[in-house]
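Protein chains in written order, with the numbering used here: chain F, 16 to 115; chain Z, 6 to 511. The C-beta atom is built at its ideal place from N, Cα and C for all residues, glycine as well. Fair warning: this is a prediction, and the values are worked out from it, not measured in the lab. First comes the structure, then the notes that go with it.
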Amino acid sequence: MTLSAADVAHVAVLARLGLDGAERERIGSQLEVILEHIARLQQVDTSSVSETAQVGELVNVMRDDVDGESLPSAVALGGAAASDGGYFVVGAIQDNELDG
Amino acid sequence: MAHLAIAVGGDGRVSAQTAEPQTNSAVSAYEAVIGLEVHAQLLTRSKMFCACSAEYIGKPANSNTCPVCLGLPGVLPVINRQAVEYTVLTALALNCEIPEFTKFDRKNYFYPDLPKGYQISQYDMPLSRNGWLEFEVEGAPVRCGITRVHLEEDTGTLHHAGDVLQSARSSLVDLNRAGVPLMEIVGEPDLRSAEAAREYLVRLRQILMYIGVNDGNLEQGSFRCDANVSLRVRGSDALGTKVEIKNMNSFRAVHRALQYEIERQAAVLAGGGTLVQETRGWVEARGATVSQRSKEYAHDYRYFPEPDLPPLALDSAYTERVRRTMPELPAARAQRLQEKFGLSAYDAAVLTAAREDADAYEALASQVPAKLAANWLMGDVAALANERRVALHRSGLGVDGLAALLRLLDAGTINGPTAKALLEELYESGGDPAAVVQERGLGQLDDEAALLAIVDEVIAANAAAAADFRAGKEAALGRLVGQVMKATGGKAQPQLVNRLLRERLA
Numbered sequence: 016m017t018l019s020a021a022d023v024a025h026v027a028v029l030a031r032l033g034l035d036g037a038e039r040e041r042i043g044s045q046l047e048v049i050l051e052h053i054a055r056l057q058q059v060d061t062s063s064v065s066e067t068a069q070v071g072e073l074v075n076v077m078r079d080d081v082d083g084e085s086l087p088s089a090v091a092l093g094g095a096a097a098s099d100g101g102y103f104v105v106g107a108i109q110d111n112e113l114d115g
Numbered sequence: 006m007a008h009l010a011i012a013v014g015g016d017g018r019v020s021a022q023t024a025e026p027q028t029n030s031a032v033s034a035y036e037a038v039i040g041l042e043v044h045a046q047l048l049t050r051s052k053m054f055c056a057c058s059a060e061y062i063g064k065p066a067n068s069n070t071c072p073v074c075l076g077l078p079g080v081l082p083v084i085n086r087q088a089v090e091y092t093v094l095t096a097l098a099l100n101c102e103i104p105e106f107t108k109f110d111r112k113n114y115f116y117p118d119l120p121k122g123y124q125i126s127q128y129d130m131p132l133s134r135n136g137w138l139e140f141e142v143e144g145a146p147v148r149c150g151i152t153r154v155h156l157e158e159d160t161g162t163l164h165h166a167g168d169v170l171q172s173a174r175s176s177l178v179d180l181n182r183a184g185v186p187l188m189e190i191v192g193e194p195d196l197r198s199a200e201a202a203r204e205y206l207v208r209l210r211q212i213l214m215y216i217g218v219n220d221g222n223l224e225q226g227s228f229r230c231d232a233n234v235s236l237r238v239r240g241s242d243a244l245g246t247k248v249e250i251k252n253m254n255s256f257r258a259v260h261r262a263l264q265y266e267i268e269r270q271a272a273v274l275a276g277g278g279t280l281v282q283e284t285r286g287w288v289e290a291r292g293a294t295v296s297q298r299s300k301e302y303a304h305d306y307r308y309f310p311e312p313d314l315p316p317l318a319l320d321s322a323y324t325e326r327v328r329r330t331m332p333e334l335p336a337a338r339a340q341r342l343q344e345k346f347g348l349s350a351y352d353a354a355v356l357t358a359a360r361e362d363a364d365a366y367e368a369l370a371s372q373v374p375a376k377l378a379a380n381w382l383m384g385d386v387a388a389l390a391n392e393r394r395v396a397l398h399r400s401g402l403g404v405d406g407l408a409a410l411l412r413l414l415d416a417g418t419i420n421g422p423t424a425k426a427l428l429e430e431l432y433e434s435g436g437d438p439a440a441v442v443q444e445r446g447l448g449q450l451d452d453e454a455a456l457l458a459i460v461d462e463v464i465a466a467n468a469a470a471a472a473d474f475r476a477g478k479e480a481a482l483g484r485l486v487g488q489v490m491k492a493t494g495g496k497a498q499p500q501l502v503n504r505l506l507r508e509r510l511a
């Protein structure tokens with residue numbers, strides 16, 4: 016398996032990581048080692064094992080629809096890098112910049 | 006008809022140019038293929054995965070949040086039981102299959118209105134699949150397939166600082182809406198016109214409101230719609246390039262946006278051009294869809310199963326229990342009222358448009374003649390509800406008060422004009438119509454001898470009109486009836502006055 020430079024750049028964008036050329040190269044080769052490991056795992060015969068995403072065997076864990084207390088907004092905003100008038104402030108987002 | 010085509014240049018600037026004025030003939034060569042995705046907020050008390058209130062409209066920014074919906078590290082979501090039940094109820098109303106096993110997944114993307122960096126949604130094992138919705142478009146039956154109904158969480162809302170979006174340096178984030186239960190209803194691409202798309206939405210919204218899972222507010226965004234539109238040459242089965250349309254927040258906007266997009270695509274194809282698969286936003290002020298140039302990678306969501314939520318195993322006993330809570334749906338109710346009360350199809354559709362209206366009609370029609378109830382509800386009551394912006398069931402008079410009023414009218418205790426005046430007077434304030442009639446002596450004057458004396462006075466005082474009538478001018482009678490009604494303070498029964506006048510003038 017070889018990971019192209021374009022693949023690495025693509026994954027970096029998805030992960031919101033601003034990587035320079037040297038970093039892309041270094042991380043790309045590390046990523047490749049991980050993918051090789053996964054590829055090795057995929058060689059194991061799992062045809063008799065059903066797919067699972069959970070090992071706890073719990074099902075139907077639900078809560079009743081009761082509303083409780085929320086945080087005071089000052090506390091909610093307490094960890095924000097910037098806030099204004101009760102809002103979190105982030106860099107300008109254009110509606111068409113990324114698909115929500 | 007000429008129309009505008011919007012082009013986006015490499016610099017991202019939008020320019021408009023007039024397309025070839027052969028749009029209508031271009032459109033007629035193609036068939037539109039439309040599929041709709043609806044997002045509907047569920048009317049639960051609390052959010053999808055935490056106990057914050059799901060009511061966020063009008064609340065101070067970020068006053069409705071907790072560590073779970075803020076996406077703080079180390080917290081665990083727990084599924085809202087009512088949201089699952091509402092989704093299953095909706096799926097059943099839309100004739101879907103409910104699988105016995107379903108799970109949640111993470112849909113990963115970065116956006117400031119999504120504090121966790123992923124949305125909890127459902128990917129490959131949704132709560133339901135394979136349903137359909139039937140309705141009529143211009144008298145012809147249409148069946149639109151429902152691909153799936155699944156459950157997810159809403160995002161927060163973004164506000165742009167500064168007046169003009171382009172000049173804004175920062176965006177403001179309010180997470181009150183983040184985590185509100187959101188149901189996604191994905192329709193098959195079975196719709197063939199803007200009219201069919203609008204009708205599908207009207208019927209779907211009506212059903213959601215009937216079963217009490219959504220408040221149907223397009224303007225405030227509790228009921229939202231995106232559309233996928235492509236064109237193909239008539240008679241062909243091939244699918245054309247699909248364009249996604251967003252930002253339509255009224256039924257009118259949906260209709261206009263789809264109509265515009267169909268014409269735009271037809272003009273491109275007829276001119277030998279090719280369409281780009283893209284997302285376009287409806288810009289109401291410009292009456293046009295505009296490319297949003299969303300990057301390809303934004304759709305790379307890397308779904309994986311949500312490790313923090315155990316799956317749901319909803320057996321058939323559960324599904325049947327939910328099914329038993331299903332109220333009568335609008336189409337069935339309209340049909341039943343048509344048969345039971347002899348209503349026309351049109352009247353039945355109007356009277357069952359909203360569940361509260363249908364409830365009011367049935368309550369009234371069991372107490373007064375069905376036709377009388379229908380006429381009043383669709384006439385004076387509808388006009389008044391519209392004018393005063395208060396639905397009957399929320400008015401002071403209420404359904405019971407209206408029933409009492411119509412019983413007085415039906416029994417002949419009061420006449421039509423008095424009933425109408427009382428309706429207007431008591432609509433908001435409320436009150437017992439019978440007591441008001443008694444108190445103010447509004448009862449119909451049905452003492453023939455007393456009325457006859459007034460009739461004679463009116464004839465004597467209006468000799469000219471009386472002579473006209475005797476000479477064969479029917480219209481003159483109306484003037485005399487009016488005078489008698491005036492002399493009795495509007496309390497006489499017009500038919501009786503009419504008869505007495507005719508007898509006296511014979």
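{"Asked": "Along chain F, which residues have their Cβ under 8 angstroms away from the Cβ of Thr49(Z)?", "Found": "Asp80"}
{"Asked": "Considering only C-alpha positions, which residue in the set Arg50(Z), Thr70(Z), Asn113(Z) is nearest to Arg31(F)?", "Found": "Asn113(Z)"}
{"Asked": "I'd like the list of long-range same chain contacts for Glu3(Z), defined as Cβ closer than 6 angstroms, with 5 residues on each side in sequence excluded.", "Found": "With chain Z covering only 6 through 511, there is no way to say anything about residue 3(Z)."}
{"Asked": "Per DSSP, what kind of secondary structure is Ala390(Z) in: helix, strand or coil?", "Found": "helix"}
{"Asked": "In chain order, what residues of the same chain have a beta carbon less than 7 angstroms from the beta carbon of Leu457(Z), not counting five sequence neighbours either side?", "Found": "Leu505"}
{"Asked": "Can you find a CB in chain F that lies within less than 9 angstroms of the CB of His155(Z)?", "Found": "no"}
{"Asked": "Need the endpoints of the beta strand (DSSP E) that Lys112(Z) sits in, please.", "Found": "110–113"}
{"Asked": "The beta strand (DSSP E) that contains Lys425(Z), what's its start and end?", "Found": "No beta strand (DSSP E) contains Lys425(Z), which is instead part of the alpha helix (DSSP H) from 421–434."}
{"Asked": "Cβ atoms of Val218(Z) and Leu48(Z): under 9 angstroms apart, would you say?", "Found": "yes"}
{"Asked": "Take Asn408(Z) and list the residues in its own chain whose beta-carbon comes closer than 6 angstroms to its own, dropping the five residues that flank it on each side.", "Found": "According to the sequence provided, residue 408(Z) is Ala. The question's Asn does not apply to it. Once the five neighbours on either side are set aside, the close Cβ partners of Ala408(Z) are Leu369, Gln372."}
{"Asked": "Residue range of the beta strand (DSSP E) that Gly406(Z) falls in?", "Found": "Per DSSP, Gly406(Z) belongs to no beta strand (DSSP E); it is in the alpha helix (DSSP H), 403–415."}
{"Asked": "Would you tell me roughly how many angstroms separate the C-alpha atoms of Ile151(Z) and Val238(Z), rounded to the nearest one?", "Found": "25 angstroms"}
{"Asked": "Grab me the residues of Leu431(Z)'s own chain with a C-beta within less than 8 angstroms of its C-beta, minus the 5 sequence neighbours each way, in chain order.", "Found": "Gly401, Leu402, Gly406, Leu410, Pro438, Val441"}
{"Asked": "At what residues does the beta strand (DSSP E) containing His164(Z) begin and finish?", "Found": "162–165"}
{"Asked": "Could you check whether the region 116–134 of chain Z touches the region 82–102 of chain Z, counting it as contact only if at least three pairs of C-beta atoms, one from each stretch, sit closer than 8 angstroms?", "Found": "yes"}
{"Asked": "Between the Cα of Asp79(F) and those of Ala145(Z), Val83(Z), Arg399(Z), Ile250(Z), spot the shortest distance and give me the residue it belongs to.", "Found": "Val83(Z)"}
{"Asked": "Taking the alpha helix (DSSP H) that Ala454(Z) falls in, what are its first and last residues?", "Found": "453–466"}
{"Asked": "Measure the C-alpha to C-alpha separation of Leu236(Z) and Glu266(Z) and round it to an integer number of angstroms.", "Found": "10 angstroms"}
{"Asked": "By DSSP's criteria, Tyr35(Z) is part of a beta bridge. Which residues make up the other side?", "Found": "Val238(Z)"}
{"Asked": "Using a Cβ-Cβ distance under 9 angstroms, would Ile84(Z) count as near chain F?", "Found": "yes"}
{"Asked": "If you count every other CB in all the chains shown that lies within 10 Å of the CB of Pro146(Z), and 16 or more means buried, which is it?", "Found": "exposed"}
{"Asked": "Rounding to the nearest angstrom, what Cα-Cα distance links Val76(F) and Val43(Z) in this structure?", "Found": "27 angstroms"}
{"Asked": "Shortest alpha-carbon distance to Val104(F) belongs to which of Ala59(Z), Leu177(Z), Ser58(Z)?", "Found": "Leu177(Z)"}
{"Asked": "Mark Lys3(Z) as exposed unless 16 or more other C-beta atoms lie within 10 angstroms of its C-beta, in which case mark it buried.", "Found": "In this structure chain Z extends from 6 to 511, so residue 3(Z) is not present and cannot be described."}
{"Asked": "For Tyr102(F), which beta-bridge partners are listed by DSSP?", "Found": "Asp99(F)"}
{"Asked": "I'd like to know if Arg70(Z) contacts chain F, where contact means its C-beta is closer than 9 angstroms to some C-beta of that chain.", "Found": "With the sequence shown as reference, residue 70(Z) is identified as Thr, and Arg is not the correct amino acid for it. Closer than 9 angstroms: yes."}
{"Asked": "For the region 226–259 of chain Z, enumerate the residues whose C-beta is nearer than 8 angstroms to any C-beta of chain F, in chain order.", "Found": "none"}
{"Asked": "So within the region 168–225 of chain Z, which uninterrupted beta strand (DSSP E) runs reach at least 3 residues, ignoring any that extend past its ends?", "Found": "175–179, 186–192"}
{"Asked": "Taking just the CA atoms, how far does His260(Z) sit from Lys64(Z)?", "Found": "32 angstroms"}
{"Asked": "When you check each C-beta in the region 65–97 of chain F against every C-beta of chain A, which residues fall closer than 7 angstroms?", "Found": "Reference to chain A is not applicable here, since the protein chains of this structure are F and Z."}
{"Asked": "Could you work out which residue in Asn254(Z), Ala476(Z), Tyr61(Z) is closest to Thr162(Z) when comparing CA atoms only?", "Found": "Tyr61(Z)"}
{"Asked": "Quick check: what's the CA-CA separation for Gly278(Z) versus Val26(F)?", "Found": "34 angstroms"}
{"Asked": "For Ser68(Z), collect the residues of the same chain with a Cβ closer than 8 angstroms to its Cβ; drop the 5 residues on either side in sequence, then sort them by chain order.", "Found": "Asn181"}
{"Asked": "Anything in chain F within Cβ reach of Asn140(Z), meaning under 7 angstroms, just list it in chain order.", "Found": "The sequence shown places Phe at residue 140(Z), rather than the Asn named in the question. Simply none; closest approach about 30 angstroms."}
{"Asked": "Using DSSP's beta-bridge definition, name the partner residues of Val73(Z).", "Found": "Looking at the DSSP assignment, Val73(Z) forms no beta bridge with any residue, so it has no partner."}
{"Asked": "Give the residues of chain F in contact with Gln87(Z), contact being defined as C-beta atoms less than 7 angstroms apart.", "Found": "Asp80"}
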